[in-house]
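Quick note, the sequences are listed as chains A, B, C, D and E, same order.
Going by this note's numbering, the first sequence opens with residue 1, and the numbers climb by one from there.
Going by this note's numbering, the second sequence opens with residue 1001, and the numbers climb by one from there.
Going by this note's numbering, the third sequence opens with residue 2001, and the numbers climb by one from there.
Going by this note's numbering, the fourth sequence opens with residue 3001, and the numbers climb by one from there.
Going by this note's numbering, the fifth sequence opens with residue 4001, and the numbers climb by one from there.
Just so it is clear, CB atoms sit at the ideal spot from N, CA and C, and this is done for glycine as well.
See structure below.
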Amino acid sequence: MGSPLRIVNGRVYDPANGVNGVVRDVCVRDGKIVDDVPPDAKRIDATGLVVMPGGVDIHCHIAGPKVNLARKVQPETHRDDVQLRTRVTRSGTGGTVPSTFATGYRYATLGYTTAMEAAVPPLGARHTLEEFHDTPVIDKGFFVLVGNNLLLYRLLQEGRLEEFRHALAWWLTVTKAYAPKLVNPGGDEMWKGQRNANITALDDKIGAFDLTPRRVIAAFIEAANALGLPHPVHIHCNNLGHTGNVETTLETMRLAEGRRAHMAHIQFHSYGAVAGKSRSNPTSRARDIAEYVNTHPNISADVGAVMFGHSTSMTADAPLAYMLYRIAGGKWVNADTENESGCGIVPFTYQDQVYTNALQWAIGLELFLLSEDPWRMVFSTDHPNGGSFMTYPRLIRLLMDSEFRKQQMAQVNQKALDHTSLRDLQGREYSLYEIAIITRAGPARLLGLTAKGHLGVGADADITLYEEDDDKEKMFAAPRYVIKDGELIVEDHEFRDDHGGRVLHVAPAYDAKIEQVIEPFFEDYYTIRFANYAVDDRYLSHHQVIPTAAPAAAATPAGAARP
Amino acid sequence: MPEMMTLIGGRTSKQGTSLTHGKLDGEYLEVTSTVEMNVEDMARLGLKNGSRVKLRTPEGEAVLKCKGRETKDLPRGILFLAYGPLSSQLMAGDTAGTGMPISKNLDVEVEPVPDQAGP
Amino acid sequence: MSDNLKVVENATCTFCGCVCDDMNLTVDVDEHRITKAENACILGKAWFREHGIEQRPFALIDGHEATTEAGVEEAAQILARARFPMIYGLSDTTCEAQRVAVGLADMLGGTIDTTTSVCHGPSGIAFQGVGESTASLGELKNRADMIVFWGGNPAEAHPRLFSRYAVTPKGMYIPNGRKDRTIVLVDVRRTASTPAADIFVQVKPRSDFEVLWALRALVKGRKVDPSIERRTGVSLAVLEDLVARMKRCNYGAFLFGMGLTMNRGRHFNSAALLALATDLNQFTHWVAKPVRGHGNVTGADNVVSWQTGFPFGVNFSRGYPRFNPGEFTTVDVLARGDADAALIIASDPASNFPKPAIEHLKRIPVIVLDPKATLTSRLARVAFTTATYGINVTGTVYRMDDVALTLRPAFPSPYPSDEQVLTAIRDRVRVLLGGNRLPAGAAPIAPAVAAAS
Amino acid sequence: MIVRGVLIEDTFAEAFTMRVARLIITGRTPRWAREAALKLTGFATSVIGCKCEAGIERELAERDTPDGRPGVSVLLLTMDKESLPQRLIERVGQTVLTCPTTACFDGLPQAPDRLPVGKALRAFGDGFQASKVVGERRYWRLPVMEGEFLVEETFGMQKGVGGGNFLILAEDADAALEAAEAAVATIADQPGVILPFPGGVVRSGSKVGSKRYKRMIATTNDAYSPTLRAVTESQLPDGVNSVLEIVLDGVDGPAIESAMRVGIDAACRPGVKAITAGNYGGKLGPHHFHLRRIMNGGPATA
Amino acid sequence: MSLALTLHTVPTVPLEAEVLSPARLAGLSAPEAAKLTVVYGNQRADLGDFFKVGKGADGELHLTGDLARVKRVGMGMAEGRIVVHGSAGMHLGTGMTGGEIVVEGDAGDWVGSEMTGGRITVKGNAGHMVGSATRGSAVGVRGGEILIFGNVGNEAGSGMRRGLIAIGGDSGDFAGVNMLAGTIVVLGRLGWRTGAGMARGSIISMHPAELLPTFAYACTYSPLFLRLCLLHLGRLGLPVARSQVEGRYQRWCGDAVELNRGEVLLLDSAPGA
């Protein structure tokens, strides 16, 4: 956990504790922030440096089956973007889907110390945890895909809501997940079972089930709230990317009826249509979305901004990926997971002169600039869907520097800008304090990570020290110091040490009898044994169970393999 | 005069089970040193089950026992051999920028080996 | 047989890529033997039956018995000295061992490759070119009403592919099992698998690519000349009928074997099949899967990929991973004589590599980890006896459909695991080198601050 | 200055800067290259009425053409750079594309100004066209009923000179014509110039504007028209009863100059009284070709 | 830049020597050049450990010896000229943008892969993947010329987008696979599956070949561009015959599974042609 440490004279931004650019010391011992340390403790002179909690990425795709497929399918992007090995750190490759080691190190070199992988089918949990093992420095967790789970559909269809809730808790617990994730609810069943069809509206019938996305979403919102999870259900709405999808998004948010729900990469769900036209280019409806979020404190969102350049679209929304493949050509990966999920991967390039791409870029910025509560409209590019996490410094500059934003706006398709309100938002610039909220304090709070995203006593000593610079992209691209769990990982921009990081997960309580409901379903429809399904603790090494409001599960379930 | 035929290398369950037993063992060596051949081809070449044939490629040669298969199962001109030390002798090291040497559908010269020539 | 029996339920068989996890193993604890393997196929039964504990030296150095520790020292010295060490094998071991092996290659600035390169490596290359529509095996069981086996003989190489996953099992939307499916088999010869098919398409050797290409053209509504029959042995009518069935089914799946990858055409054969599956998705749902061989070869692909970005044939000599099949793959590195040392884990290249590669193995110091004596261990400078994964050692393996499973070993082995030996070698190499070897060459370009900009 | 009894007047030809392109038209036989070239250069005597001026520069042997077939080199000139590509596209499209066996290559590959000719014509291929790079140059292949028409993607454009001239003042019409023919015959071998008028000869010399009609930009050169000697301010020496003009366009001044030198020399024959040249007092055209300097072998332009 | 390097020590493991490029050696004296770093297996070495470096006179870089295990000669070069008196290893002129490389002997795999300009001439044979895309990339050569006087292996010109690859001898399988445009001339025989997946572009051979079922015969004619192209190659020293320049060619269109805008032209050997 490192020796005691005192960071002196830094300008501290710690919004969770209301600290806005105050010069003061930060003390660290045993991996935590403490009040004070002995005078002989190691000191870091932070004069001229900005001190922030380590960054928290609430929604990214960094580990697991689909990420590895996306890595494997793009050797050409790894070739010229490499991570050299040092005496203490491993080598790797980059591109939009870096290798695990490069992922951890690169997040760290941006000052990020926590990241949430946002879409893992339960059957891929073990694989994801294996990759987490090789993702250094950062703490990480994953959201488990439950929105197309056929057993949960059966329970829901039969109105067995209590069992539904226990089964959900079981799935979260045995996969070591952090939160439940819905992706295009119902879409996989249409895709896999109905000759590559898709859901088009909340009241569509889901394949052979007597269910609609509306019922599915409402049930998950209800169950997740009832379980008292630290992070509510994380929703990737139906109709992602489609012209006119804003209505679906608004309706989905209304389904929460005051209960907590998190809307993922909401930029991709904020598109209008030209009135009176059946087929048209999308338009921006960022104002409607921002207004809804601003006025509904139960709703939170991450933006999912689009940045120009290479990206990799990788999603559990398989029909969406196929649509992108038909637009982009080139390579397409589809991967169906039995009873649980679908997945699609398409390398994609966002071009500033392409109308739709420019519109998406603009909507991302609009949402940030229209947000009245940075705590609930937080930072993401849906890495690597909207752009690599390596573009975060540039996105921060776009938010903080309206002159820079104006220059960039001049480069893009102007017709697209005409359909947005971006030109009217020149007055707004994010402050360092607000940046600290949307990249750290906000995501940590939304995730229910009480020891993250702040520098109060008792917090995890995940700290980033930036050199103040008028060029915010430069400033946020390379912090001078990064401290993880109290250990000095990056010093003067170079790696001093390697570090493992922790797995963050939940273990909500469930009635053990639910296994008697689940096991027969396994015997009939899965190809692995029920007994071999649950992931045992061996895959966690360093980990932390984040408590639920309801009591946590007592132990690893009976079925787990325990070698 | 040797004849040209097409050799297919592959796996069999017998090779698999014997492999598990151990590769230095007789059964594995037996399985991997027997080539399957079309019965009509064998008859023409004067070969019987258990007769010995020499297969040759530009890379090397191997002497194998042959075993007949009916035409419906193995067309004329096609040979089948389970992977093993002897199939290796016939394979070239060039992978054409893929990492994969060619082990199926090799053009091989086939020549009967008179019984007295065997060890 | 002793009376001291125990039963290990839901154990996993690692013989082939099916990695069936429903083995009920009866273990004679005193004799260190598995006496019964319920649910195992013929290959699995042999696997479990034959992996007892043999009386073998822990290590051999130049043919002389040695301790594991002495072997580790000798191995570390060889590897630390080498300028072009080649690490190969890894398909018959756990992901935990694979992970250490990649780390060792990185530390050394060596080259790492797995048996994938001589198995479905070409399919990996094909995947990098065109992508792939794929599925976990349960989707085949639950949904696939048409399955096309191409260039493989599952009845002999993956026996339970038919019974547990793809042909006969009943599934959610396949209530009647076999009756609800159309099974097609494409091969150059009749095999034990042929009787399982409703339709057998016999293609002339080396014409798979032409047949696949013709199918692609037909799926896209393009004309194909009837001369296709002369070329491939398959009539245009048969192809047209196949295409009609393929478009008509609800959920189709290709399962293809090394009849495509080890054949002239290699990755292009696989790519043609993957592209055909992709093309068909314009009409209905289709997936394609390479049928993988060794127990954990898929795990090797995954581990090497997540650690380096590339699935096999990775070189670290310049301080970062580079991938280039034909340059950094084992057959080439050996046949060209590039390597100056080799570490072989759970594989026996001396019994199946092309002759020129084997000749080079005989010229350089070789280190082998294997539970059994093999032709390769016989020519090794250092040969370790290790415990068998799945039987003596737990760990993670990946099924051919990328589903990860945890092994339930049956009985302990006196021998160390591959992971333990590799870890010991790595730790010793680290001492000899003073940490990771510093990069020998600069990166092609500095990592960009904004990779996407 | 007198050459073989012919007075070379101390005056100069005044010429204009034009834009010029050179086209190499090849064919299976010299005939078909020539057929295309003749059509392409047809009705292109003067920018006044034809929007461009064009002529065959010379015939090319197989070794001198890009595709190793017999060919013809053609120059085409316009007054401004905007209209040159249009003229090329019209004329290549209607006369070379249509003509059996021919291909059309750029003859000024070094010129930095590139005109999109093949690039514009490619649309005739209706999507079936294909481009091809050989060496440094890009071509378009347009499928046609005969086979394929090959045309270079872009053609070079450079500054050229239009309106170099000299007038043959002869005792009678026969002598004038013979002298003019002799001049044309020698100039035919000269690189870099064309004679855009029929047979290379102009009988209707013109002057700028009109004495009578406001809208006319050019009218007959009454000062050199023998029939008007008595009624106008004639420039004709005594004994001159017929005048013919040789007009030259070229890729640059030196090309015109050397062509004028051999042409004038050839025109100095019995029956020719004098050689003079047309100018506008030196105020309109930037290029002045002084006849006596040319004939002395010195730099002609001033 | 005038230097003459002679291999004095044959490397026993691969030597990566992208420093053997005009720009990297420009302005260096022989002793300075000998100090340049090469990558020898997993360690650094000096160029002088393997090469005797001497002065040259003609502004060119001359390399002498059997460089079969020396990779990356002229990689990424933009100008100047390299002459290899001997054989060259893998990745000769990979990614080069300009200048010229001449190899008197043979060359390894990946000659000029993904190059964008310049010219590579190999007087002997070359390996596989001449002028190809690397794995995973859709695009190979984007410009320039590669001339191989001898034979080549598989996948010559894969993913080619522009430029010219000319082979004096025979090609292996899949010449011009996935070609986007450009020209490949094979004076010898084609291997199997030529032009598979080609979108556009031209592949020419002087011998009959069996093409994929997705290629369709169009006509027999004398394409003028090919005349230009063959004359050009003749000027560069390839043994192009008059009968090939004047010849008639069968035009096969494909690949029908892709854009179907490519062509394979085969010299028509029919009597009277």
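For residue i, which beta-bridge partners are listed by DSSP?
i: residue 2989 of chain D; result: Residue 2989 of chain D is absent from the model: chain D starts at 3001 and stops at 3302.
Compute the Euclidean distance between the alpha carbons of residue i and residue j, then round it to the nearest angstrom.
i: residue 4004 of chain E; j: residue 2363 of chain C; result: 34 Å
i: residue 4268 of chain E; j: residue 2151 of chain C; result: 37 Å
i: residue 94 of chain A; j: residue 78 of chain A; result: 5 Å
i: residue 253 of chain A; j: residue 527 of chain A; result: 36 Å
i: residue 2064 of chain C; j: residue 511 of chain A; result: 59 Å
i: residue 3186 of chain D; j: residue 3007 of chain D; result: 20 Å
i: residue 2204 of chain C; j: residue 2236 of chain C; result: 14 Å
i: residue 3172 of chain D; j: residue 3268 of chain D; result: 14 Å
i: residue 4173 of chain E; j: residue 2119 of chain C; result: 21 Å
i: residue 3005 of chain D; j: residue 3265 of chain D; result: 11 Å
i: residue 2132 of chain C; j: residue 4084 of chain E; result: 43 Å
i: residue 4264 of chain E; j: residue 4254 of chain E; result: 8 Å
i: residue 2090 of chain C; j: residue 2382 of chain C; result: 17 Å
Do residue i and residue j have their C-beta atoms closer together than 9 Å?
i: residue 4204 of chain E; j: residue 4179 of chain E; result: no
i: residue 222 of chain A; j: residue 259 of chain A; result: yes
i: residue 461 of chain A; j: residue 28 of chain A; result: yes
i: residue 2000 of chain C; j: residue 2440 of chain C; result: The structure shown does not extend to residue 2000 of chain C, since chain C is modelled only from 2001 to 2453, so the question has no answer here.
i: residue 4100 of chain E; j: residue 4118 of chain E; result: yes
i: residue 71 of chain A; j: residue 98 of chain A; result: yes
i: residue 372 of chain A; j: residue 399 of chain A; result: no
i: residue 3277 of chain D; j: residue 3011 of chain D; result: yes
i: residue 3240 of chain D; j: residue 3170 of chain D; result: yes
Cβ contact check for the segment 329-339 of chain A and the segment 386-403 of chain A: 3 or more pairs under 8 Å: Between the segment 329-339 of chain A and the segment 386-403 of chain A, the count of C-beta pairs closer than 8 Å stays below three; the two stretches do not touch.
Segment contact, 8 Å Cβ cut-off, at least three pairs: the segment 3058-3068 of chain D with the segment 3026-3045 of chain D: The segment 3058-3068 of chain D, when compared against the segment 3026-3045 of chain D, does touch it at the 8 Å Cβ threshold.
Members of the segment 3133-3163 of chain D near chain E, C-beta cut-off 7 Å: Within the segment 3133-3163 of chain D, the qualifying residues are 3133, 3134, 3135, 3139, 3141, 3147, 3148, 3150.
The segment 3154-3168 of chain D touching the segment 3076-3089 of chain D, judged by at least three CB pairs closer than 8 Å: At 8 Å Cβ cutoff, the stretches touch.
Positions along the segment 1038-1068 of chain B whose CB lies within less than 9 Å of some CB in chain C: Taking 9 Å as the upper bound on Cβ-Cβ separation, chain C lies near residues 1059, 1060 of the segment 1038-1068 of chain B.
Selection of the segment 2120-2140 of chain C by Cβ proximity to chain A, strictly under 8 Å: Residues 2124, 2127, 2128, 2129, 2130, 2131, 2132, 2133, 2134, 2135, 2136, 2137, 2138, 2139.
Cβ pair count under 8 Å reaching 3, the segment 240-248 of chain A against the segment 2208-2216 of chain C: Here the segment 240-248 of chain A makes no contact with the segment 2208-2216 of chain C; the two share fewer than three CB pairs at distances below 8 Å.
Residues in the segment 4008-4026 of chain E having any Cβ partner in chain A nearer than 9 Å: Hits within the stretch: zero.
Near-chain E residues of the segment 330-342 of chain A - C-beta to any C-beta below 9 Å: Within the segment 330-342 of chain A, the qualifying residues are 330, 331.
Touch test, the segment 3074-3083 of chain D against the segment 3118-3138 of chain D, Cβ-Cβ under 8 Å, three pairs minimum: Taking a cut-off of 8 Å on C-beta distances, the segment 3074-3083 of chain D does not touch the segment 3118-3138 of chain D, as fewer than three cross pairs fall below it.
Residues from the segment 4192-4207 of chain E in contact with chain D, defined by Cβ distance under 8 Å: The residues in question are 4200, 4202.
Contact set between the segment 1011-1041 of chain B and chain C, restricted to residues whose Cβ is under 7 Å from the partner: Residues of the segment 1011-1041 of chain B with a Cβ closer than 7 Å to any Cβ of chain C, in chain order: 1011, 1012, 1013, 1016, 1017, 1020, 1021, 1022, 1023, 1024.
Three or more C-beta pairs below 8 Å linking the segment 198-215 of chain A and the segment 540-550 of chain A: Because the criterion of three Cβ pairs below 8 Å is not met, the segment 198-215 of chain A and the segment 540-550 of chain A do not touch.
Cβ contact (3+ pairs, closer than 8 Å) linking the segment 122-142 of chain A and the segment 172-184 of chain A: Between the segment 122-142 of chain A and the segment 172-184 of chain A, the count of Cβ pairs shorter than 8 Å is three or higher; the stretches touch.
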